[in-house]
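Counting with the working numbering, you get residues 25 to 348 for the letters of the sequence shown.
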Amino acid sequence: MSIIIVSEQGSRLTRQGRSLILLKDGQKKWMHPLSNVEKIILLGRIEFSSALTGVLLRENIDVIFLTVDGRYKGRLCGAMSKNIFIRKKQYERLEDMAFKLQFSKALVAGKCRNQARLINRAASDEDSEIQEKLQNLLRSLQAAQDLYTVRGLEGSFSALYFKEFRALLKYRMGFEKRIKHPPPDPINILLSLGYTMLFNNVYAMVEGHGLDPYAGYFHEPDYGHPALVSDLMEEFRALIVDRLTLNVVNRQQVKEEDFVTEDGVCRLSKKGLENFLEAYRKLIMQKQKFKDEQLNYLQIIHKQVLQFRQFLEGRRADYEAFRG
Numbered sequence: 025m026s027i028i029i030v031s032e033q034g035s036r037l038t039r040q041g042r043s044l045i046l047l048k049d050g051q052k053k054w055m056h057p058l059s060n061v062e063k064i065i066l067l068g069r070i071e072f073s074s075a076l077t078g079v080l081l082r083e084n085i086d087v088i089f090l091t092v093d094g095r096y097k098g099r100l101c102g103a104m105s106k107n108i109f110i111r112k113k114q115y116e117r118l119e120d121m122a123f124k125l126q127f128s129k130a131l132v133a134g135k136c137r138n139q140a141r142l143i144n145r146a147a148s149d150e151d152s153e154i155q156e157k158l159q160n161l162l163r164s165l166q167a168a169q170d171l172y173t174v175r176g177l178e179g180s181f182s183a184l185y186f187k188e189f190r191a192l193l194k195y196r197m198g199f200e201k202r203i204k205h206p207p208p209d210p211i212n213i214l215l216s217l218g219y220t221m222l223f224n225n226v227y228a229m230v231e232g233h234g235l236d237p238y239a240g241y242f243h244e245p246d247y248g249h250p251a252l253v254s255d256l257m258e259e260f261r262a263l264i265v266d267r268l269t270l271n272v273v274n275r276q277q278v279k280e281e282d283f284v285t286e287d288g289v290c291r292l293s294k295k296g297l298e299n300f301l302e303a304y305r306k307l308i309m310q311k312q313k314f315k316d317e318q319l320n321y322l323q324i325i326h327k328q329v330l331q332f333r334q335f336l337e338g339r340r341a342d343y344e345a346f347r348g
């Protein structure tokens, strides 16, 4: 199955029978069979026919809309789950402070363990400063009495983590620290793009389990923010996106010349984008040890969302973040 990426500005995506067609200035650029399409990613100003919309919804082919520099705008997907009962339980849990605190502590502990593990693996130094800080964080998390404290601990540890992350880059390309909006340099662009891809993988699993993506617990629910998706992707950020970014930069699979600046905005070229997304696809499909199984990351995300649902429903006593 293929992930179709369209970045040709001013082009139009339509269909002819059972095939996708890309047109530019009235000329056919390529044709691709729909039966082999898993997902479509549109970057920037791409026209999209209404006839194609109906076919993609019927075929359950997600479409992700990004800005030209890779920021998330939205997605087209099929109808949401009819399971009102699980969503009702979600809304009830929004007022359950003990549940929110327990879940958030587990998320932050898992995320920070995975961050420390990535740094230690890449630096080959199990006695680094980050390991000591991790132990301090875990003790402080255990004692935390409110979400404000948990969020503060996560923020402090992440600031240290990205300082260590920067030191592991062979080619820093102007990277000083993590800045989200807008990403000012090539490394931040890769991180943001990778998090966008991970976000969409988690979003699909959350909806697949009948959950409301907007009813989250560690991230404060806000208008237009799928807070539960942001919650459940936390433990995978370092394992997938940060690891991938280190790999493609240090191995020069994506180089500084793969970035272009237009109208004062730095973004990946088409070639750099394709290289990065192909590397992401390969990593997400790599087998990892999950308890007594060998599963790829998509399967592990599925298992973790299922575990969260069981915890939400009271069928589990706790939530255990995945440790890579």
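Even glycine gets a Cβ: it sits at the ideal position worked out from N, Cα and C.
Quick caveat: nothing in here was measured; it's all calculated off a predicted structure.
Q | Same chain, Cβ closer than 7 angstroms to Val-265, five either side skipped, listed in chain order | A | Translated into the one-based positions of the sequence shown, residue 265 becomes position 241. Answer for Val-265: Leu-215, Gly-218, Tyr-219, Leu-222, listed in chain order.
Q: Tell me where the beta strand (DSSP E) around Ile-45 begins and ends.
A: What you label residue 45 is simply residue 21 of the sequence shown in a count that begins at 1. Residues 43-48.
Q: Find the nearest neighbour of Ala-345 within the set Met-257, Gln-312, Asp-282, Arg-339, judged by alpha-carbon distance.
A: The residue labelled residue 345 in the question sits at position 321 within the sequence shown. Ranking Met-257, Gln-312, Asp-282, Arg-339 by Cα distance to Ala-345 puts Met-257 first.
Q: For Val-289, count neighbouring C-beta atoms within 10 Å of its own C-beta (all shown protein chains included) and say buried if the count is 16 or more, exposed if not.
A: Along the sequence shown, one-based indexing puts residue 289 at 265. Val-289 comes out exposed.
Q: Would you list, in sequence order, the uninterrupted alpha helix (DSSP H) runs of no fewer than 4 residues that lie entirely inside the segment 256-337?
A: When DSSP assignments are scanned along the segment 256-337, the uninterrupted stretches of alpha helix (DSSP H) that are 4 or more residues long and fall wholly within it turn out to be 267-274, 294-308, 321-337.
Q: Take the Cβ of Met-229 as the centre, count every other Cβ of all protein chains shown within 10 Å, and call the residue buried at 16 or more, exposed below.
A: Start at 1 with the first residue of the sequence shown, and residue 229 comes out as number 205. Within a 10 Å sphere around the beta-carbon of Met-229 sit 16 or more other beta-carbons, which makes this residue buried.
Q: Under 8 angstroms by Cβ, that's how I've got Leu-184 and Lys-129 pegged, so tell me the actual separation to the nearest angstrom.
A: Position 160 of the sequence shown holds residue 184. Position 105 of the sequence shown holds residue 129. So it is not a contact: roughly 19 angstroms between Cβ atoms.
Q: Entirely within the segment 51-93 and at least 3 residues each: give me those beta strand (DSSP E) ranges in chain order.
A: Taken in chain order, the whole beta strand (DSSP E) runs of length 3 or more contained in the segment 51-93 are 51-57, 61-67, 86-90.
Q.
Taking 7 angstroms as the cut-off, is the C-beta of Glu-286 nearer than that to any heavy atom in the ligand PLP?
A. Absent from the structure shown: the ligand PLP. Ligands present: none.
Q. Just the Cα atoms here: how many angstroms apart are Lys-161 and Arg-347?
A. Here residue 161 refers to the residue found at position 137 when the sequence shown is read from its first residue. Here residue 347 refers to the residue found at position 323 when the sequence shown is read from its first residue. The amino acid occupying residue 161 in the given sequence is Leu; Lys does not appear at that position. Leu-161 and Arg-347 have their C-alpha atoms some 16 angstroms from each other.
Q) In chain order, which alpha helix (DSSP H) runs of at least 4 residues are fully inside the segment 197-254? A) Counting only unbroken stretches of 4 or more residues, the alpha helix (DSSP H) elements lying wholly within the segment 197-254 are 210-232, in sequence order.
Q | Backbone CA spacing between Lys-311 and Gln-318 [nearest angstrom] | A | As a position in the sequence shown, residue 311 is number 287, starting the count at 1. As a position in the sequence shown, residue 318 is number 294, starting the count at 1. So the alpha carbons of these two residues sit roughly 6 angstroms apart.
**Q.** Extent of the continuous beta strand (DSSP E) run through Ser-35
**A.** Translated into positions along the sequence shown, residue 35 becomes position 11. Annotation for Ser-35: no beta strand (DSSP E) segment contains it, and DSSP assigns it neither H nor E.
Q: Rank Ala-239, Cys-101, Thr-173, Lys-52 by C-alpha distance to the C-alpha of Leu-118 and give the top, closest one.
A: Stepping through the sequence shown from its first residue, residue 118 is reached at position 94. Ranked by Cα distance from Leu-118, the options Ala-239, Cys-101, Thr-173, Lys-52 are led by Ala-239.
Q) Does any residue of chain B bring its CB to less than 8 angstroms from the CB of Ala-183? A) This model lacks chain B altogether, as it is built from one protein chain only.
Q: Excluding the 5 residues preceding and the 5 following Lys-112 in the sequence, name in chain order all residues of the same chain whose CB lies nearer than 6 angstroms to its CB.
A: Residue mapping note: residue 112 aligns to position 88 of the sequence shown, counting from 1. There are no such residues.
Q.
By alpha-carbon positions, which one of Thr-91, Pro-57, Leu-90 ends up nearest to Tyr-76?
A. What you label residue 76 is simply residue 52 of the sequence shown in a count that begins at 1. With the sequence shown as reference, residue 76 is identified as Leu, and Tyr is not the correct amino acid for it. It is Pro-57.
Q: Below 6 angstroms CB to CB, which residues in the same chain sit around Ile-85 once its five sequence neighbours on both sides are set aside?
A: As a working mapping, residue 85 is identified with position 61 in the sequence shown. These residues qualify, in order along the chain: Val-61.
Q: Following the continuous beta strand (DSSP E) through Leu-100, name the residue where it begins and the one where it ends.
A: Against the sequence shown, residue 100 aligns to sequence position 76. Leu-100 -> beta strand (DSSP E) spans 96-100.
Q. Considering only the beta carbon of each residue, do Ser-43 and Gly-68 sit closer than 8 angstroms?
A. On the sequence shown, position 19 is the one that residue 43 refers to. On the sequence shown, position 44 is the one that residue 68 refers to. Going by C-beta atoms, Ser-43 is not nearer than 8 angstroms to Gly-68.
Q) How many angstroms separate the CA atom of Lys-327 from the CA atom of Asp-49? A) Looking up residue 327 in the sequence shown gives position 303. Looking up residue 49 in the sequence shown gives position 25. The straight-line gap from Cα to Cα measures roughly 45 angstroms.
Q) Cα separation between Gln-155 and Gln-331? A) Within the sequence shown, residue 155 is the residue found at index 131, counting from 1. Within the sequence shown, residue 331 is the residue found at index 307, counting from 1. Between Gln-155 and Gln-331, the C-alpha separation is close to 28 angstroms.
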